[in-house]
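Trainee:
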Amino acid sequence: MRDASPQTTYLKDYTVPDYLIHKVALHFVLDEERTEVTARLTLSRNPASLSMSAALVLAGENLTLQRIILNDGEELVAADYVQAADSLTIYNVPQQQPFVLTIENTINPKINTALEGLYLSNGMLCTQCEAEGFRKITYFLDRPDVMATFTTTLVGDKSRYPVLLSNGNKIAHGELEANRHWVTWEDPFTKPCYLFALVAGQLECIEDHFTTQSGRDISLQIFVEPQDVDKCAHAMQSLQNAMRWDEEVYGCEYDLDLYMIVAVSHFNMGAMENKGLNVFNTKFVLARPDTATDSDYEHIEGVIAHEYFHNWTGNRITCRDWFQLSLKEGFTVFRDQEFTGDRTSKAVKRIEDVTMLRTRQFAEDAGPLAHPIRPEAYIEINNFYTVTIYEKGAEVVRMLHTLLGAERFRKGSDLYFARHDGQAVTCEDFVKAMEAANGVGLVQFRRWYSQAGTPVLTVSRRYDSQAQTLTLSISQECPPTPGQAVKEPLHIPVKVGLIYPDGTIAPCQLQGSADSAEEVILALTEAAQDFVFTGLSSEPAVSVLRGFSAPVKLVMERSLTELAFLLSHDSDTFNRWEAGQQLIGQAITGLIADVQNNRELRLDPIIIEAFRQVLAQPWEDLSYFSLLLSLPSETYLAEQMPVIDVVAIHTAREFVKLTLAEQLQNALQTLYLNNHRDESGCFDAGAIGRRRIKNTCLNYLCALDDPALKNWAHQQFKTAKNMTDQMAALTVMVNNPHYARRQCLAEFYQQWQHEALVIDKWFALQAASPAPDTFATVQALMAHPAFDLGTPNRIRALIGAFSQANPLHFHAANGQGYQFLADQIIALNTLNPQVASRMISALTSWRRYDAGRQALMTAQLERIMSTEAISKDVYEIASKSLA
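Residue numbers for the sequence shown follow the numbering used here, beginning at 7 and rising by one.
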């Protein structure tokens, strides 16, 4: 049975630690089944603690305690301490002066399938300590506000563990008898234990260097398994790019002499920023043109940058407690987004980020798991590594950047780094630095940290031709969320531009101001406000929320004609794309109603003409061009419906796609042929853009029942020399009726069966297919020799792709998709609770569906809740979903 009452941790209950740890000396004797750990801790009573208890309480789980020694003296006896399942309480420790505590314990990495603490991955020993994994290595004050310097000595068999890595700089090494060796690492910077890392195994090293702006030479090393040595060049270049960008944009220079990355195949997350020794999922390191797509290359660069940027926004300055998680993650996501935009296409990057926010985070904000970016409570902290903490957190930082401007934001970040280097701080400290550096007040803005939910902005306009004024009336409302029935008005930056009917830019001059500009940032701080623009000779079209200047839903009546005009003339790249999405979205919404009422489907000619005009224009940024031609996803369309109808959404969207392909066939064919060339190994913006636009055209063309066009896909699959083109061709064959579908799937597997990351793509593609036999295919793939329930990447590729990227089949009316997912969550519950809890998300939005599906989904959630020995991770998500 599950624990009767899993404990909830509340922000309001935070107190400082009773004890501090100043120095940590760790000694590991490594073994797959019995690793010996000796932790020598230098501690003292925390003078800031108000507790009167003399006991020292350390966290620890799944540890076999050997002995405890106080101050290098006598070994403690049973009467001196109490050992519980998750803690070690030691009585009568010194109160007036520092003391040394030496703890010896053993752990078994081989049975650690949860992949927290020290575990085994393909014969390699590695760690994951964020958020609370260090307590599975040794007894410790496992909380981020306890910061210490670490020295780590690793002892291991030279044949099994020729490479021994930990945080910091290598300061000593040597040989031992019985074919063993040892290495000692020293990290001179204080850090919380969640940033500790250890890796030992048979690894190859790729090495390069980086010279900092102050002239220091930094050694850069990437460690991978021997077969992956030829897939590291892009990761190394990405690291160097990130280091240079951080110096130029934020003035942040790397501090150690060595920076290491290790690629691990079994990993719950994307990567981990452990000080000086980043542990990465192989997915975000390994790339070769024939095994990784253009998107893979961009994601690798972005994730490597993200973890590197954490060196200052997360490591040098860390979180006081886990409620402040967005302090480091939101700021660092914003930084990696800006980095990727500078490296690729700012327009495309912004659109991709907002698309993910609106399809995933807005859904989270609207459901039972809604929480502020600084939560008030949690049962299991691993469940709060969410899109709200990360992506909405980044949007809150972006709003500060928008309100202050780049120069003033940099002044604020400089002060933040100077004030808090070496400290564990709060979100409040970050905002205070922005205020102090710029002499501004952000009291109301702080509500973004404490209020959950997505605000809805309602905009209306009124043009006075005699006064030549335009009045924008904007109101804000945030719907109730769990635990927050009433919301206060937020401080929302609304970026606006105006466009005259001839397509020229209209001046933005607010009443009472002498300043005029091409766009203006309106500060919405009340429930409703009017903003009056003057000096307008004719009524302009209004471009609202430019660049998606705030994470809100916009409600504004617009005709198809006006949206088509904005698609042709808006100078803001985001809003130009958004106009196209709204245009096609309105059309699909009408077609959904037609499907539901068995009416004949017909696409408004204005849609076809708008797309024809986009196709006729010259575009320098072909990646952006491809987004302008792309339809809204079924997930996004579902978010616009009060009651989601997956079948009607799919039918309507496919009809639009087919109609556009029929009406624009010649232009699409010409565009495909003009951009179809072999540029394998080329990753400049032009080559990536040509692949993207070509493959967008192929996706449309293969919707047509034309054997010649279907042969284009087959030929591209057979002749492709890069993974982008091969996967694009295979995707259209799998997602549309195609004569070579099964043959090409078999050939693809045969070609790439020894490349795990490529086979993940093979699993995910089939799981997300709208083909009628998809569910049977997914069931068969569960029994495939290449499927492994112990590998998180493989779980996400098959189970995750089916439940989260295939709404048509996962939400089958008979409930088979729901039962399948619940079966896998129950199987994963004890194997890997973190991954199990993340799989539940597909069931949490059950209230958005019809009564029949609601009943089927809640039945599976209740079944999950009744699981024997249910984990805290799974219990929290399932119980909140049903609440």
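Even for Gly, the Cβ is constructed at its ideal location relative to N, Cα and C.
Quick caveat, the model's predicted, so the values are computed rather than measured.
1) What is the DSSP secondary structure of His790, counted as helix, strand or coil?
2) In terms of alpha-carbon separation, which member of Cys325, Glu640, Ala622 lies closest to Gln587?
3) Would you give the residue range spanned by the alpha helix (DSSP H) that Arg356 belongs to?
4) Got a sec, what are the start and stop residues for the beta strand (DSSP E) Val538 sits in?
5) Taking CB distances under 7 Å as the criterion, tell me whether Met647 reaches chain C.
6) Ignore the nearest five residues each way along the sequence and tell me which others in Leu17's own chain have a CB closer than 6 Å to its CB.
7) Let's see if you can read the secondary structure: which residues bound the beta strand (DSSP E) around His187?
8) Indicate whether Tyr706 and Ala667 have their beta-carbon atoms separated by less than 7 Å.
9) Among Arg166, Leu126, Leu94, whose alpha-carbon lies nearest the alpha-carbon of Thr144?
10) For Arg250 and Asn175, what's the separation of their Cα atoms in angstroms?
11) Taking the continuous beta strand (DSSP E) assigned at Ser456, which residues delimit it?
12) Hey, could you find the ends of the alpha helix (DSSP H) Met242 is sitting in?
13) In this structure, does DSSP put Cys750 in helix, strand or coil?
14) Three-state secondary structure (DSSP) at Asp9?
15) If you draw a straight line from the alpha carbon of Thr836 to that of Ala884, how long is it in whole angstroms?
16) Nearest-angstrom Cα distance between His682 and Arg404?
17) With a cut-off of 8 Å on the beta carbons, I'd call Pro461 and Cys484 a contact; round off their distance for me.
18) Can you confirm whether the segment 200 to 212 touches the segment 120 to 139 when touching is taken to mean that 3 or more C-beta pairs between the two stretches lie within less than 8 Å?
19) Any idea if Ile876 is buried or exposed, counting beta-carbon neighbours within 10 angstroms, 16 or more meaning buried?
20) Under the three-state reduction of DSSP, which class applies to Ile650: helix, strand or coil?
21) Below 8 Å on the Cβ atoms is my contact criterion, and I expect Leu704 with Thr665 to pass it. Report the Cβ-Cβ distance as a whole number of Å.
22) Nearest-angstrom Cα distance between Met863 and Thr487?
23) Once the 5 residues before and after Thr540 are set aside, which same chain residues still bring their CB inside 6 Å of it?
24) By how many angstroms is the C-alpha of Asn581 removed from the C-alpha of Arg698?
25) How long is the line joining the alpha carbons of Ala735 and Asn701, rounded to whole angstroms?
26) Is it true that the segment 183 to 200 meets the segment 143 to 157, where meeting means three or more beta-carbon pairs spaced less than 8 Å apart?
27) Just how far apart, CA to CA, sit Thr324 and Gly257?
28) Which term fits Ser872, buried or exposed, when burial requires 16 or more other beta carbons within 10 angstroms of its beta carbon?
29) For Ser632, does the three-state DSSP call read helix, strand or coil?
30) To the nearest angstrom, how far is it from the Cα of Phe661 to the Cα of Leu607?
31) Suppose the cutoff is 6 Å on Cβ atoms and the five residues either side in sequence are ignored; what does the same chain contact list for Arg141 look like?
32) Start and end of the beta strand (DSSP E) containing Thr159?
33) Report the rounded CA-to-CA distance for Asp342 versus Arg380, giving the unit in angstroms.
34) Please look up how many angstroms separate the CB atoms of Ala120 and Asn838, rounded, as I've assumed it's under 8 Å.
35) Within the segment 269 to 344, note down every full alpha helix (DSSP H) run reaching 4 residues or more, in order along the chain.
36) Go ahead and pull the three-state DSSP assignment for Leu124.
Mentor: According to the data block:
1) Coil at His790, not helix or strand.
2) The shortest Cα separation from Gln587 among Cys325, Glu640, Ala622 belongs to Glu640.
3) Its alpha helix (DSSP H) spans residues 352 to 362.
4) Run containing Val538: 534 to 539, per the beta strand (DSSP E) assignment.
5) Judged by its chain identifiers, the structure shown contains no chain C, having just a single protein chain.
6) Contacts found: Phe329, Glu382.
7) 186 to 197 is the extent of the beta strand (DSSP E) around His187.
8) Yes. Within cutoff.
9) For the residues Arg166, Leu126, Leu94, the minimum Cα distance to Thr144 belongs to Leu94.
10) Their backbone Cα atoms lie some 21 Å apart in a straight line.
11) Under the DSSP assignment, Ser456 falls outside any beta strand (DSSP E), being part of the alpha helix (DSSP H) whose first and last residues are 453 to 456.
12) First-last of the alpha helix (DSSP H) with Met242: 239 to 256.
13) In this structure, Cys750 counts as helix in the three-state DSSP scheme.
14) Summary for Asp9: the model assigns pLDDT 48, below 50, so the residue's position carries little reliability, and this model does not support an answer.
15) Between Thr836 and Ala884, the C-alpha separation is close to 15 Å.
16) Their Cα atoms are separated by approximately 38 Å.
17) About 5 Å separates the two Cβ atoms, so the contact holds.
18) Yes, since at least three Cβ pairs between the segment 120 to 139 and the segment 200 to 212 fall closer than 8 Å, the two stretches touch.
19) Looking at its Cβ environment, which holds 16 or more other Cβ atoms inside 10 Å, Ile876 is buried.
20) Reduced to three states, the DSSP call for Ile650 is coil.
21) Between Thr665 and Leu704 the Cβ distance is about 17 Å, and since that is not below 8 Å, they are no contact.
22) Between the alpha carbons of Met863 and Thr487 lies a gap of roughly 21 Å.
23) Excluding positions up to five away in sequence, the list reads Thr475, Gln515, Gln517.
24) Whole-angstrom Cα-Cα distance: 21 Å.
25) It is roughly 8 Å from the alpha-carbon of Ala735 to the alpha-carbon of Asn701.
26) At 8 Å Cβ cutoff, the stretches touch.
27) Thr324 and Gly257 have their alpha carbons spaced roughly 18 Å apart.
28) Exposed: under 16 other Cβ atoms inside 10 Å.
29) DSSP places Ser632 in helix when its eight states are reduced to three.
30) Leu607 has its alpha-carbon roughly 8 Å from the corresponding atom of Phe661.
31) Excluding positions up to five away in sequence, the list reads Ala65, Gly66, Glu67, Asp148.
32) Annotation: the continuous beta strand (DSSP E) that includes Thr159 extends over 154 to 163.
33) The C-alpha of Asp342 lies about 21 Å from the C-alpha of Arg380.
34) The Cβ separation is near 5 Å, so the contact holds.
35) Runs found: 300 to 315.
36) The answer is strand: DSSP assigns Leu124 an E or B state.
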